[in-house]
Structure formats: structure tokens, C-alpha cells
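Residue numbers (my numbering): 219 to 565. Even glycine gets a Cβ: it sits at the ideal position worked out from N, Cα and C. Since the structure is predicted, the reported quantities are computational estimates derived from the model, not experimental observations. To start, the structure under review is shown below, and the notes come after it.
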Ligand SMILES: NC(=O)c1ccc[n+]([C@@H]2O[C@H](COP(=O)([O-])OP(=O)(O)OC[C@H]3O[C@@H](n4cnc5c(N)ncnc54)[C@H](OP(=O)(O)O)[C@@H]3O)[C@@H](O)[C@H]2O)c1
């Protein structure tokens, strides 16, 4: 066998420096077991971006949909799985213009929404999308925060226009999005009504502060209970299908229905006379296809408005499970089973 000389070893080490471990999808990605540990070149950092050495990566429902080929990355996004991470700044592109108040340094611990590629050892991120690790939160907990924080702030507060004293109805109170909606809704001074499927999930939603929790495995008709509790001014819905017509029935005058997911069918039947009668607003949004500038604006808002609630303890971590990087398949399987809260991969 040929022995490696000093020069060869240096060359090999320098080559390895340019590669990293990632999670890739084999075949059609129909099953969690289609995930495997692969190698890929480390991402390049462009002007205004940083390279993060990832500590933990959040696992979200959109990752499952992407694995199965049902949620392709938008144009310009990194093709890999993973939308949120925590880690340490490994390198900052030299062309970054520093302002004193955003003077990130190499080695700083951060968390961030990323445009794909979070299931990896390194990811390149727009400098403006970085958030500090909230005081008292571990790196694992911080990795579970950006996706839910930005999605819920954008949809509940900006699109839904939730005001203190109003009532919000959220479905899937056990989900990452549902858990954040309950906590942000309460911290915002609203009354929160949540639905969930099963006693354990309902108990979880209640433990986060929901004022009324409806178990839809006992009664699919949540409308009667919501109307009995005074109706909803904002509905944040991840279920769609037949829930949408019911959401409209729950809505108060000038209420807002915000669609964030379509767990059932994205195609729905609606009596538009009720929209007119109630002067209802039907809206919704997706986080990932937003422009880098728009995500930067939203990150700044979330830092200003939501981070203080996180640091005061009004919004608590809901991290339920941490899986090893090589066990990403189990993390996806866990998401598909009955679960409450969030899951992360330890890189
Ligand atoms: N618009 C955006 O920018 C954006 C960003 C992030 C996430 N999302 C969407 O938000 C949703 C939640 O994401 P997540 O990461 O928080 O996922 P998650 O933790 O896996 O939660 C999914 C939730 O949806 C419920 N659900 C799914 N199918 C349902 C059905 N047919 N009937 C009733 N409930 C159903 C689940 O209930 P069970 O636990 O009982 O199954 C669970 O509560 C997903 O649809 C995701 O695609 C949207």
C-alpha cells in the first residue's frame, strides 16, 4: 500500500476541509428511511453572508413534504433539507459592511432561518437573517425557534392583525406552529382557543396557556364550542379542507382567516355570502419563497417584538426530542407519529 507523504496528507486534509456531511434523500423519498448521510461541498459565502458551523437543525413538517417531493425548494434556494439552525459563525464574508449594532463576530453563537440546507455541518446564511441565542435557551432549543417564530409572527400578527383582547382560534395546538401560536397569542394579550386530536395533545395545548382546547377526536364540530366561547377574530389554520368552511362559521364580524398549511386538502368549498356578510378577510402566506430582503425585515421585527417575550419566559421552548444527525430518519418518523412540540437534529 502506498504511504502518504507529508505533502499528500496536507493536500488530503485541505480537500476534506472543503467537504461536509449532509443528509440526502434517496429514491422518491416516500419513507423516512430514504434519508441517509452523504457528503457535499461546503457552501460558498457570498457578499453579506456568513458561514455557520451548525450545532442543531430544526425539523419541520415542510421538510417531510420536501423529502416526499411535495414541496420543491423555490428558485434560488439551497436544494437540501432543513429550514432552521443554531450554531456558531465560522466565517464572515469580508465584504460585509459592519454597523456597530449588527457587529457579529466569528465564533458568535446564533440561530437563523435558512433557505434550505440546514441538515448539514455548515450552511451559508444572509447576515441579516441571524438572531442571537435567547438568554437561557440551549443551542438545541434555539434551533427549534426561528421557523415557528417567523411564520407565526408574520401570519398571526402581521397578516391576521391580532389585537390584545381579541380571540384567536388555532388548529393543531400540538404542532410546532400551533404551540407558538398559543404562546404568542397569550403573550399578545389575546384569548386562545386551540383544537388538537387526542387527550395528550389537548393537555399539551392547555399547558401552553390555551384558554379553551377542543378535542376533535371526540367531536369534529369545533364550531359550536368556538361560537359558545364568543367566536374568533383570527383563525390561524394549518389543516384546510373541510376546516375552512367551519373556520368561516367561527369567525366574528370583520374577522381574519389566515391559511398557513393544508394538512387536509388545499381545494375547498366555501359559501362566499358569509365572507360578504361578515366582511371577512381570507389570507395566508408562505415563509420560504419570500425574498431575502423581506426575510431580513421580518427577522428584525421578530427580534424587536418576539425575542423579548422569549427572553422573559412568556414564550417557552417546546423541544420534545433531539435525534443524532445520522438518525434523521427517526426524526422524520417521529414527526409522522403522534407528537407534541418540536424536534431537532444534533449535528
Ligand atoms: N406557511 C408557512 O410559511 C409555513 C411555515 C412552517 C410550517 N407551515 C405549515 O404549518 C403546518 C405545521 O407545521 P409544523 O412543522 O408545526 O408541523 P407538525 O408539528 O408536524 O404539526 C402538524 C399539525 O397538523 C395537524 N394535522 C395534520 N393533518 C391533519 C388533518 N388531516 N386533520 C387535522 N389535523 C391535522 C397535526 O395533527 P396530529 O398531530 O394530530 O397529526 C399537527 O397538529 C404544516 O402544514 C406546515 O406545512 C407553513
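Which of the three DSSP states is assigned to residue 347 in this structure? Per DSSP, reduced to three states, the secondary structure at residue 347 is helical.
Would the C-beta of residue 588 count as close to ligand 1, meaning under 8 Å from any of its heavy atoms? Shown here, the chain extends from 219 to 565; a query on residue 588 therefore has no answer.
Alpha carbon to alpha carbon, how far is residue 219 from residue 323? Note on residue 219: pLDDT 42, under 50, position unreliable in the model; the coordinate value appears next. Rounded to whole angstroms, residue 219 to residue 323 spans 45 Å at the Cα level.
Taking DSSP's pairing of strands, which residues face residue 387 in a bridge? Residue pairing of residue 387 in beta bridges, as defined by DSSP: 411, 453.
Residue-chain proximity (residue 291, chain B), Cβ-Cβ < 9 Å: No chain B appears in this structure, which consists of one protein chain only.
Range of the contiguous alpha helix (DSSP H) that encloses residue 511: Looking at the DSSP string, the run of the alpha helix (DSSP H) that includes residue 511 is 510-523.
From what residue to what residue does the alpha helix (DSSP H) around residue 462 run? In the DSSP annotation of this structure, the continuous segment of the alpha helix (DSSP H) that includes residue 462 starts and ends at 461-468.
Within 10 Å of its beta-carbon, does residue 484 have 16 or more other beta-carbons around it, so buried, or fewer, so exposed? Counting Cβ neighbours within 10 Å, residue 484 comes out exposed, since fewer than 16 surround it.
Name the DSSP bridge partner or partners of residue 268? DSSP, once it has assigned bridges, lists 310, 343 as partnering residue 268.
With a CB to CB cut of under 6 Å and the five nearest residues on each side skipped, what residues in its chain are close to residue 353? These residues qualify, in order along the chain: 529.
Would residue 270 and residue 255 qualify as a contact pair, given that the criterion is a beta-carbon distance under 9 Å? With a cutoff of 9 Å on beta-carbon distance, residue 270 and residue 255 are scored as not near each other.
Quick test of your reading: residue 560 and residue 538, contact by CB under 8 Å. State the CB separation rounded to the nearest angstrom. Going by Cβ atoms, the distance from residue 560 to residue 538 rounds to 6 Å, so yes, they are a contact pair.
The beta strand (DSSP E) spanning residue 259 covers which residue range? From DSSP, the beta strand (DSSP E) with residue 259 extends over 253-259.
Alpha-carbon to alpha-carbon, residue 327 and residue 273: Cα-Cα distance, rounded: 9 Å.
Can you give the Cα-Cα distance for residue 247 and residue 506, rounded to whole angstroms? When rounded, the distance between both Cα atoms is 20 Å.
Determine whether the beta carbon atoms of residue 337 and residue 363 lie at a separation below 9 Å. No. Outside cutoff.
Spatial distance of residue 452 from residue 509 (CA atoms): Taking the straight line from one Cα to the other gives about 26 Å.
Identity of the residues DSSP links to residue 241 by a beta bridge: Per the DSSP secondary-structure output, residue 241 pairs in a beta bridge with 255.
Considering residue 436, what are the terminal residues of the alpha helix (DSSP H) in which it resides? Per DSSP, residue 436 lies in no alpha helix (DSSP H) segment and is marked neither H nor E.
CB-CB length for residue 395 against residue 370, believed under 8 Å: Yes, residue 395 and residue 370 are in contact; Cβ-Cβ is about 6 Å, under 8 Å.
Let's see if you can read the secondary structure: which residues bound the alpha helix (DSSP H) around residue 560? Not the alpha helix (DSSP H): residue 560 falls in the beta strand (DSSP E), residues 560-564.
Tell me the DSSP bridge mates of residue 303? The bridge partners DSSP lists for residue 303 are 275, 330.
Rounded C-alpha distance that separates residue 516 from residue 301: Each residue's alpha carbon lies about 15 Å from the other.
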